[in-house]
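So the sequence shown is numbered by the working numbering: it starts at 36 and just counts up by one. Glycine included, C-beta positions come from ideal geometry on N, C-alpha and C.
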Amino acid sequence: TVVVERGGARDRPAAPPVTLCLATGVAVEVRVTARGDTLVGRRAVSLRELGPGIVLAGAYAGERAWFTGDAPIDHDGRAYRKSGEETGLECGAIERVGEHEGVPLFGGRGGGRPPAVVWVPVRPGIWQPYRPEAGGPPREAG
């Protein structure tokens, strides 16, 4: 939960609330302006104004070398590759199924094992689907 109190946001135009699913699997409501500023707290303070000490919870893949280099990830003995576009998700539709180099991995809630799609959190509210490599046998666990 992000709670911020600070004055000076009166001049900022109101932005509609948006629910982001964080890498912790918890949803948080924020406001996003037309310029892309993320506003938090009752007074709608910009995260940019608060500085680098305030971040939204979770570990994200967005800047990791394996993510930016499009490397496959291993999960449940299978290799998964990026598939499709980044998107937003509802936290209630997913559950944590593992971890890859410190970043949590999620699958569809109640979807069974191995998951047909592994969801990787890229940045707060944005997720990248990964699907099993086509034609490849399951990898040995190791």
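Asked	Found
Closest Cα partner of P149 within the set D109, T122 and W101	D109
Close beta carbons around T122, own chain, < 7 Å, minus the five adjacent residues each side	W162
Integer Cβ distance of V20 from G160, believed to fall under 8 Å	Here the chain has residues from 36 to 177 only, and residue 20 is not among them.
Simplified DSSP state of G93, which is helix, strand or coil	coil
Residue from V138, L55, V63 and G147 with nearest C-alpha to W101	V138
Own chain partners of P164 with C-beta closer than 7 Å, once the 5 adjacent residues on each side are dropped	S118, G119, V152 and W154
Assigned secondary structure, T103 (DSSP; H/G/I helix, E/B strand, else coil)	helix
Pairwise C-alpha distance: T54 and G60	12 Å
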